[in-house]
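Here the structure is laid out as structure tokens; the discussion comes afterwards.
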Amino acid sequence: MLTIEKLNDFGVNTEEGLSRCAGNEALYLKLVGMIPAEANFDKLQTALEAGDLDSAFEAAHALKGVLGNLSLTPMYQVSVEITELLRARTEMDYTPLLQDLLTKRDTLGALCAD
358 MLTIEKLNDF GVNTEEGLSR CAGNEALYLK LVGMIPAEAN FDKLQTALEA
408 GDLDSAFEAA HALKGVLGNL SLTPMYQVSV EITELLRART EMDYTPLLQD
458 LLTKRDTLGA LCAD
């Protein structure tokens, strides 16, 4: 079961995230629990594998927004880096950054499942 303590241990700024949900812990945890299934993770991966920087940017930017709004700091920081590189249309191997983001997504998923 996902808890504020688990999120804090993961590095999430839960105080800020909760404030964005008007202090409603149940709502906040519900929204955070939806993140591992967010479709934009797959869209980002598919677009990067295809070399489609425009679609990758759209997916990364969407992820950055939702991760930032929920103050999921560890994931948000990586999404910002990916988004800004894609905004600049930087052609590079995004694999390490993508893997970092997906690993953190999977860690959050495990926290939600426990």
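Going by the working numbering, the first residue of the sequence shown is number 358, and it counts up by one from there.
For glycine and all other residues, C-beta sits at the position ideal for the given N, C-alpha and C.
Only a predicted model underlies this, so the values are computations on that prediction, with no experimental measurement involved.
By how many angstroms is the C-alpha of residue j removed from the C-alpha of residue i?
i: Thr430; j: Ser376; result: 15 Å
i: Glu373; j: Leu405; result: 31 Å
i: Thr360; j: Leu424; result: 17 Å
i: Asp411; j: Thr447; result: 11 Å
Check each candidate in the options and name the one with the smallest Cα separation from residue i.
i: Gly466; options: Val389, Leu454 and Tyr433; result: Val389
i: Gly380; options: Leu427, Gly422 and Asn397; result: Leu427
i: Leu384; options: Ala396, Glu395, Thr371 and Ala394; result: Thr371
i: Arg462; options: Asp399, Met358 and Glu362; result: Asp399
I'd like the span of the alpha helix (DSSP H) that includes residue i, first residue to last.
i: Arg462; result: Thr452 to Ala470
i: Leu388; result: Glu382 to Met391
i: Arg377; result: Thr371 to Arg377
i: Asp411; result: Leu410 to Asn426
What distance in whole Å lies between the Cβ atoms of residue j and residue i, which are believed to be in contact at a cut-off of 8 Å?
i: Ala413; j: Leu454; result: Not confirmed; about 11 Å, so no contact.
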